[in-house]
Amino acid sequence: MKDKQYRRIAWIVLAALLVSGCQGVVGQAEKEGPLTASGTIQADELRIAAELGGRILRVRVREGDPVRAGDDLVVLDATSLLSKVAEAEAAVAAAEADWRAIGAGARAEEIAAARAALTLAQAQRDGALAAWQNAQEAIENPQELDAQIAEARTQVALAAQGVELAEAELAREKLLRDQRPEGSMERSIADLQVLAAEEALSAAR
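If you count by our numbering, then the sequence shown holds residues 245 to 449, one letter each, in order.
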């Protein structure tokens with residue numbers, strides 16, 4: 245019997261201590277402001293990708309470093325683009341050699357074929373060189389690339405708005421035309437206006 249009474253008293257004392265402890269914490273929060281506690285913050289994981297592909301030479305940030313939009317995170321290797329430039333230059337040199345080897349006694353078809361091959365090789369070389377230069381500029385000036393992308397998106401949005409306006413204008417002209425009597429001068433003018441609206445819509449698209 246006494247054991248049961250002791251257990252009951254012990255449970256009552258324990259409950260009282262727990263209640264008083266909670267009141268103390270609440271009172272501290274009300275008097276002293278926010279509570280300070282330790283814990284772990286789980287950050288969101290974002291997947292990013294470079295605008296241009298390539299092998300990564302080095303990473304300029306470490307895990308946990310703060311970064312802002314436009315910061316250089318990695319340095320890409322432009323060796324593959326440079327190799328394409330070298331291949332294109334070699335093709336130009338070979339085409340020039342073929343052109344010189346033809347000589348004055350070659351047929352017109354052979355001269356034309358060699359000239360076309362040389363022109364094509366030069367165009368491929370210029371394209372490879374331009375691609376490498378664009379890659380270098382994109383790596384060195386990512387903000388400029390972002391600005392170009394934003395401008396392109398703006399142009400697409402404006403073009404879409406232009407199509408919508410042209411479609412609305414065409415619908416309005418058709419409605420006005422249908423209200424004109426058949427064979428009347430007003431109907432003929434309305435037909436021309438509908439035709440102009442259709443051409444404007446085709447141009448907007």
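By construction, the Cβ of each residue, glycine as well, lies at the ideal position given by its N, Cα and C atoms.
Assigned secondary structure, residue i (DSSP; H/G/I helix, E/B strand, else coil)
i           : result
residue 306 : coil
residue 449 : coil
residue 428 : coil
residue 368 : helix
residue 377 : helix
residue 405 : helix
residue 437 : helix
residue 399 : helix
residue 442 : helix
residue 339 : helix
Status (buried if at least 16 other CB within 10 Å, exposed otherwise) for residue i
i           : result
residue 381 : exposed
residue 353 : exposed
residue 394 : exposed
residue 404 : exposed
residue 307 : exposed
residue 334 : exposed
residue 379 : buried
Rounded Cβ spacing between residue i and residue j (contact assumed at less than 8 Å)
i           : j           : result
residue 365 : residue 330 : Incorrect: roughly 13 Å between the Cβ atoms, too far for contact.
residue 421 : residue 412 : With a Cβ gap of about 15 Å, residue 421 and residue 412 do not count as contacting.
residue 377 : residue 332 : Between residue 332 and residue 377 the Cβ distance is about 13 Å, and since that is not below 8 Å, they are no contact.
residue 407 : residue 449 : 6 Å
residue 328 : residue 372 : 4 Å
residue 414 : residue 441 : 4 Å
residue 513 : residue 439 : Since the first and last residues shown for the chain are 245 and 449, residue 513 lies out of range.
residue 416 : residue 424 : No, residue 416 and residue 424 are not in contact; Cβ-Cβ is about 14 Å, not under 8 Å.
Within-9 Å CB hit, residue i to chain B
i           : result
residue 436 : Absent from the structure: chain B. Only one protein chain is present.
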